[in-house]
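First the structure, in the form of structure tokens, and then the observations on it.
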Amino acid sequence: MDGSGLRRRGGGDGGPPGSVAAAAASVDELAAGGGGGGGGSGGGGGPVCGPRSVGTVAVLFVKAAHQVELVATVRRVISAAGVGVEVSDRPDLTILLLTAPLPLLIRTADELALRKRDLRGEVRSFSADSLGEFVLEEDNPSAVGPRSDALFTPAEQILLLEYVLDKVRPDAARFDDIHGNESLLEWCQRQGYVRDVYPLHEGDAVSAIMNSFSRTSPLLDYEALSRMQAYFGDKVALYFSFLTFYTKSLALFGVVGGLVSVGVTLLPQRAAQLQFAFTIFTVLWSVALLSNWKRRNVEIMYLWKKLVLGDAADEAIASASRKEDYRKQFFGELVNHRITGEKIMVYPGRLHAARFAVSALVVTILLGISARVMVWSLHFEDTMQVWRETVAPTMAWSRSYVVKDLIMGQMPLVVYLGCLNLLDRVNGFVAHKLTDFENHKYASTYENALVAKLVAFQFLNMNMAYLFVAFVRRDFVRLHASLRSVMLIELVTGNIKETVLPVYMASRKKAAAVAARDAATKAREEAAAAAASPLPPENDVVLTQAALSPDEGVFGDYFELVRQFSYISLFASAFPVGATVAALNNLGELYADTFKLCRLTRRPSPARALTIGAWMRAFEFISVASIATNLAIIAVTRDAASSVVGGGRSKTEEYFAMVLVEHLLLLVRYVAGSVLEGCPRWVRDARAKEQYQRTKRENSG
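Its first residue numbered 326, the sequence shown is counted upward by one per residue in this note's numbering.
Here's what the structure looks like:
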């Protein structure tokens, strides 16, 4: 083995195994002019792409000893999979631009049964044998800008290309230190030979998405969301669809919450009745939000993919087309499948159970530690209050208003927020490590397990202090003040973190990249002249996008929404105006998230999805818990149960009556959810019409 990690011995180039290995084969009519030839400025080896397709993935190799042989080997292996490769050299980097020629896109889309619109307007599983029956994407309203491969959207091109690249594995005969089922490019990254791998942004597409916003339209409509789905893929588009739907729903909740706040201020003697009415409204609003989103989710998937969620046949089609591969980090034993005889990787169930038990124990211990820390922060607030009232007036340095009230008065809040952020970081780190330790086979189960841990930590960290104040201290005024302070502070700091700071950091990175590029201009020109070839104009675009922050996905964005939803739902009766604050925040959040995704971070890898996944269960859990917390605030914290259930009863009878009210509201929530959920009628009618027309064509044929 040499210094590059390659074995110097004979053998193949280590092409991709399985069905994608056939990607180098010809496809009758389309492949006639697609094979062989040059692969860019570096010479032969890859298929001719003609004009580069919209979906391009950049690979940045660092310059080091033995890199020439490594780059050449990687290029041959990737080209053998049918991928177009263009190579450009810089003094400090070797840039590979990877694209998928149309024949490769067609073969891979056929393998994945990609859902595409045909000439009759139906969306069905793509088939290479029926290529002439599918509509060009430039005739599709969800298309974004002109491109050479008009059959597939930009997101689909990247999705298909990355699927092929993931199947290109390093050959053990030529590469050392291979971990699990990692791809060749992942091996290069782990060894430190590749600095970055990322899809390239397209200026026209992101401009079209950003132009969807206007002063008169701060929300994204269906056309804008379809553009987003065509460019970023299903998972990102579903997040923005949910955020738009949630923000619209918050408008009514915010108006009612504002009116209740005014009513409580003007009619304090009716405060308990108003808060009880608002609790009922919160229950109905939350169940309407989640149930109507499920209906909206069904509509979106039908419009995008002609799949009806909840239909067993359609979900089987979707499951078969996903072809979810093992996680790269999954490890186990290779055994023969009991039916097919193929080699599969399994991990013994007893070892899985042991790992889950260890994980559950650690989570329980951390939850206990988090609870103690948050209660300690409240005791610190009490200590500071006593100090300000008794000690501060007797000392000259602490007697002033600035020190005693402004500085020391806000110190407990600063300590609380500091503890909260520290616990968020520690628990988030531990949650990721524990989920890694559990050795999940698929990415979907990994994400579900991670969401469950983070929501458990978040529920306790964010709400422990409020629950303690509400039900142990029974201090309604303090509860209201704490919620108001934290929500307003998070509104300000969140917007700074989401908008001001990313813009500032992006401008700093861009300035540094421009300075470095200008300093290297002369060296680049000399290198290009020595190679007797013009400098590829794409290099500037590739390096400019390399300076952008890596995309972090929508996981953190969903987490922020869950946190916000818990504030406005669990303690709605204590802080009704919280929904108004949340609605105003989300209007800015929608634009900030879009701007960050389009302008401040690298293009994310598209991912297919049908729903928002485990996050829906998190919202539903909070929705159910909010019934108990809001009624308990009225009965325990305000000691106003008699205002709701009538006077002349003992405390035990009042509490028992409130428990009955809680169960009644749970029943109402269940019934309302059952009525509101389900498939919209127009979707059922459209599906019935499709089946009728299909049957009619078959009978006439």
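All residues carry an ideal CB built from backbone N, CA and C; glycine is no exception.
Per the Cβ contact rule, the stretch 926-943 is not in contact with the stretch 951-958 (fewer than 3 Cβ pairs under 8 Å). Boundaries of the alpha helix (DSSP H) harbouring I605: 596-630, taken from the DSSP string. I959: not part of any alpha helix (DSSP H); DSSP gives it neither H nor E. Measuring C-alpha to C-alpha distances from V633 to each of Q1018, G657, M699, A1013 identifies A1013 as the nearest. For D414, the enclosing beta strand (DSSP E) covers residues 409-414. The three-state reading of DSSP puts Y523 in strand, counting E and B together. A distance of 8 Å or more separates the beta carbons of N788 and S695. The beta carbons of S702 and V740 sit about 6 Å from each other, so the pair counts as a contact at 8 Å. Less than 8 Å separates the beta-carbon of L775 from that of A756. Closest option to Y564, judged by alpha-carbon separation, among T926, G753, P479, D882: D882.
DSSP places I483 within a helical segment (H, G or I) once states are collapsed to three. Only exposed fits M720, as fewer than 16 other CB atoms lie within 10 angstroms of its CB. Taking all protein chains shown into account, F386 has 16 or more neighbouring C-beta atoms within 10 Å of its C-beta and is therefore buried. DSSP places S450 in no alpha helix (DSSP H) but in the uninterrupted beta strand (DSSP E) bounded by 448-450. Here P479 is buried, its C-beta having at least 16 other C-beta atoms within 10 Å. The C-beta distance from S951 to A897 rounds to 7 Å, short enough to fall under 8 Å. In this structure, the beta-carbon distance from V612 to G913 does not fall below 8 Å. Considering only V902, A908, V623, the residue with the shortest C-alpha distance to V585 is V902.
Burial is judged here by how many other beta carbons sit within 10 angstroms of a residue's own beta carbon; L868 has at least 16 and is buried. Following the DSSP letters along the chain, one finds V671 inside the beta strand (DSSP E) bounded by residues 668-671. By the Cβ rule, the stretch 808-822 counts as touching the stretch 904-911, because three or more pairs are nearer than 8 Å. Taking a 10 Å sphere around the C-beta of Y791, we find 16 or more other C-beta atoms and assign the residue as buried. In the structure shown, the three-state DSSP call for R933 is coil.
Between F801 and R974 the beta-carbon gap is near 21 Å, outside 8 Å, which marks them as no contact. L915 and L545 do touch by the CB rule: their CB atoms are close to 7 Å apart, below 8 Å. Counted as a single uninterrupted DSSP element, the alpha helix (DSSP H) harbouring N788 occupies residues 768-793. F762 counts as exposed, since fewer than 16 other C-beta atoms from the protein chains shown sit within 10 angstroms of its C-beta. Beta-bridge annotation (DSSP): N661 is paired with K668.
For S999, the three-state secondary structure derived from DSSP is helix.
Beta-bridge pairing by DSSP links K976 to no other residue. Straight-line measurement puts the Cα of E1015 at about 10 Å from the Cα of K1021. A direct Cα-Cα distance of roughly 58 Å separates T424 from A795. Judged by DSSP in its simplified three-state form, D417 adopts coil rather than helix or strand. With respect to the C-alpha of H526, the residue from R620, R621, L922, Y651 having the closest C-alpha is L922. Our two residues, W1007 and M626, have alpha carbons roughly 13 Å apart in a direct line. Beta-bridge partners assigned by DSSP to A383: L422, Y523.
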